[in-house]
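**Q**
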Amino acid sequence: MSRKRDPGSISTRLRRIAEIARTNRDQALISLHQFIDRYWMEEAYARTRKDGAVGVDGETAEQFAKDREVRLALLLEGLKSGLYRAPPVRRAWVPKGDGASRRPIGIPTFEDKVLQRSVAMVLEAVYEEEFFDFSYGCRPGRSSHDALRAVRDAAMELRGGWVLEVDIRSFFEDLDHSHLRSFLDRRVRDGVLRRAIGKWLQAGVLEEDRVHGRQSGTPQGGVISPLLANIYLHEVLDRWFADEVQPRLRGKAFLVRYVDDVVLLFSHEEDARRVLEVLAKRLSRYGLRLHEEKTRLVRFHRPSLRGHGGSKPGSFDFLGFNHHWGRSRRGNWVVRQTTAKDRIRRVLRRCSLWCRKHRHQPVWWQHERLSRALVGHAAYYGITGNSRALGQVSHQVERIWHKWLARRSQRGMTWRRFQSVLHRYPLPRPRIAHRYANA
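If you read the sequence shown in our numbering, its first letter stands for residue 0, the second for the next number, and so on.
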């Protein structure tokens, strides 16, 4: 069924919302829900992923689509009238990078995802006029690679300096609802939108056939959760850094944030230590906690600089990459970004578990899925200077595949025979997808 054409395009309306937000920066907006109509709901539906996990009602995107127009009309009516009831969020657990611990994610129902998307589109247009340029996570036109490039450029400009790795403990679980409401009050007081957001914040969590109430947090995995997280940290961290911290520093400083992943770079050690001293107090004021073991200050000066006792410059991790100094092809010192060791271990551990589970599937079937996984890995980690780590992962995946193919029968499989399998079903070679001009 084709989508209905919007007589006033969605992009035009989004620009209008942004214009209203821009010209009324010091005022709270109270009539934003008027932009949401059946055409807006159709666009929200189109922007909602159709291959995600199902929520508590077990309904798939395909089932929703069978009666899409009626369902979207009911959602719109429920939103405007206040009769819509937010269903509980199904909780699932996914492993963290260390392989030993897990983190919870929330899975809303499909229709809830669509409604959240419709509200998020409005809020996004408003807050894109508010957010700072050094915030990258879950924003239109910005990606994790933009954040990585910003970190690299800042480190190169400072010739290293001092890097503060910030880890906020259980951010999505600890996010305080009362503070979030006060932050929203500054810009959005539309009763229809605020009522819907309040319902999503208060919706219970379904785990082990029991619904648990929630007094804080927003489920990581929900459609609107990243935007609410950005609004929260925009007030708690970004605005504080720009308005209060930077003006008081002796030297240059940069902040780069991707949702709750944060690094700060300083040209002076004194500035870095002063910020580290007050950061925990700033976060605790809003119900957040620093992970003391993972939050650390790193000396990151370029190796060619003198006057630092001859000690080896440190390295730090951000968004799955280890950042350290290395030589470019021209012999200059540059910041290298290579796959973090814990990410390599995680990828190989998952590959081994997958190959073990599916070792009796047809070889062509395994090849197709392993190839897809390697292409996806290179699409993210394929940046200039990371060829060696990409090649290491590719080589180890081959060895893991051979190991579990050899256990399909008692006769096993020699490495030479496996080479003939690779000749027929070659795994894709890693490719650099993101390039730096001065690397």
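The beta-carbon is built from N, C-alpha and C at its ideal position, and this holds for glycine as well. Computed from a predicted structure; not experimentally measured.
Short of 8 Å in beta carbon distance, which residues of its chain neighbour I16, apart from the five on each side in sequence? Order them along the chain.
**A** Counting only Cβ-Cβ distances below 8 Å, and skipping sequence neighbours, we find L31, F34, V121, A124, V125.
**Q** Is L13 near A20, with beta carbons less than 8 Å apart?
**A** Contact: no.
**Q** Using a Cβ-Cβ cut-off of 7 Å (strictly less than) and excluding sequence neighbours within five positions of R46, which residues of its own chain qualify?
**A** The answer, listed in chain order, is R116.
**Q** DSSP beta-bridge partners for G325?
**A** Answer is V333.
**Q** At a cut of 8 Å, does the region 139 to 146 reach the region 271 to 278 through at least three beta carbon pairs?
**A** The region 139 to 146 is not in contact with the region 271 to 278.
**Q** In terms of alpha-carbon separation, which member of V118, E269, R349 lies closest to E41?
**A** Selected option, being the one with the closest Cα: V118.
**Q** What residue from Y38, E18, F133, V204 has the CA that sits closest to T108's CA?
**A** Selected option, being the one with the closest Cα: V204.
**Q** Write down every uninterrupted run of the beta strand (DSSP E) in the region 72 to 129 whose length is 3 residues or greater and which is fully enclosed by it, in chain order.
**A** Listed in chain order, they are 88 to 94, 101 to 106.
**Q** Once you ignore the five residues that flank E110 on each side, which residues in its own chain have a CB closer than 7 Å to its CB?
**A** These residues qualify, in order along the chain: F63, R70, L74.
**Q** Taking the CB atoms as reference points, tell me whether L369 and W400 lie closer together than 8 Å.
**A** Against a cut-off of 8 Å, the Cβ pair of W400 and L369 comes out as a contact.
**Q** Suppose contacts are defined by Cβ-Cβ distances below 8 Å. Is T338 in contact with G384 by that definition?
**A** Cβ atoms of T338 and G384: not closer than 8 Å.
**Q** So, for T22: in the same chain, excluding its five sequence neighbours on each side, which residues have a beta-carbon less than 7 Å away from its beta-carbon?
**A** Excluding sequence neighbours, T22 sits near nothing in its chain.
**Q** Taking 8 Å as the threshold, find out whether the region 360 to 368 comes into contact with the region 419 to 435 through three or more Cβ pairs.
**A** As far as the Cβ criterion goes, the region 360 to 368 touches the region 419 to 435, which means the pair count is three or higher.
**Q** Can H376 and V392 be called in contact, C-beta distance under 8 Å?
**A** Against a cut-off of 8 Å, the Cβ pair of V392 and H376 comes out as a contact.
**Q** Return the CA-CA distance between S8 and G190, expressed in angstroms with no decimal places.
**A** One C-alpha to the other measures close to 25 Å.
**Q** Using a 10 Å radius around the Cβ and a threshold of 16 neighbouring Cβ atoms, would you call W414 buried or exposed?
**A** Counting Cβ neighbours within 10 Å, W414 comes out exposed, since fewer than 16 surround it.
**Q** From R193 to V187, what does the alpha carbon distance come to, in whole angstroms?
**A** Straight-line Cα distance between these residues: approximately 8 Å.
**Q** Output needed for G306: all residues of its chain with C-beta closer than 8 Å, excluding positions within five of it in sequence on either side, in chain order.
**A** Reliability fails at G306, whose pLDDT of 48 lies under 50, so the model's placement of it is uncertain and no value is given.
**Q** Can you give the Cα-Cα distance for G330 and L282, rounded to whole angstroms?
**A** Distance between the alpha carbons of G330 and L282: 42 Å.
**Q** Would you list the one or two residues that DSSP bridges to R348?
**A** Per DSSP, none; premise fails for R348.
**Q** Thinking C-alpha only, which one of A378, G105, K356, V262 is nearest A153?
**A** Closest by alpha carbon: V262.
**Q** Could you give the first and the last residue of the continuous beta strand (DSSP E) run that contains A252?
**A** Note, A252: beta strand (DSSP E), 252 to 257.
**Q** Under 6 Å Cβ to Cβ from E172, same chain only, skipping five residues before and after it: list those, please.
**A** Contacts found: G216.
**Q** Under a CB-based cut-off of 8 Å, is I230 close to chain C?
**A** Absent from the structure is chain C; it holds one protein chain and no more.
**Q** Suppose you measure from the CA of F182 to the CA of D25; what does that come to, to the nearest Å?
**A** Roughly 13 Å separates the two Cα atoms.
**Q** When DSSP builds the beta bridges, which residues end up paired with G206?
**A** Note that residue 206 is Glu in the sequence shown, not Gly. R209, per the DSSP bridge assignment.
**Q** Measuring alpha carbon to alpha carbon, tell me which residue in V222, G286, G250, D175 is nearest R273.
**A** Nearest C-alpha to R273: G250.
**Q** Across the region 309 to 323 and the region 152 to 167, are there enough close Cβ pairs to call them in contact, namely three or more that are closer than 8 Å?
**A** With a cut-off of 8 Å, the region 152 to 167 and the region 309 to 323 count as touching, because enough Cβ pairs lie within range.
**Q** Grab the span of the beta strand (DSSP E) containing R151 for me, first residue to last.
**A** Here R151 belongs to no beta strand (DSSP E); instead the alpha helix (DSSP H) covers 143 to 157.
**Q** Please classify F131 as buried or exposed, where buried requires at least 16 neighbouring CB atoms within 10 angstroms.
**A** So F131 counts as exposed.
**Q** Output the distance between the C-alpha atoms of K402 and R342, rounded to the nearest integer angstrom.
**A** Rounded to whole angstroms, K402 to R342 spans 21 Å at the Cα level.
**Q** Determine whether the beta carbon atoms of D175 and G77 lie at a separation below 8 Å.
**A** No, they are not a contact pair.
**Q** Measuring only the C-alpha atoms, how far is L352 from Y135?
**A** So the alpha carbons of these two residues sit roughly 33 Å apart.
**Q** Among residues of its own chain, excluding the 5 on either side of R89, which ones have a beta-carbon nearer than 6 Å to its beta-carbon?
**A** Excluding residues within five positions, the ones whose Cβ falls inside 6 Å are G54, V55, I106, L205.
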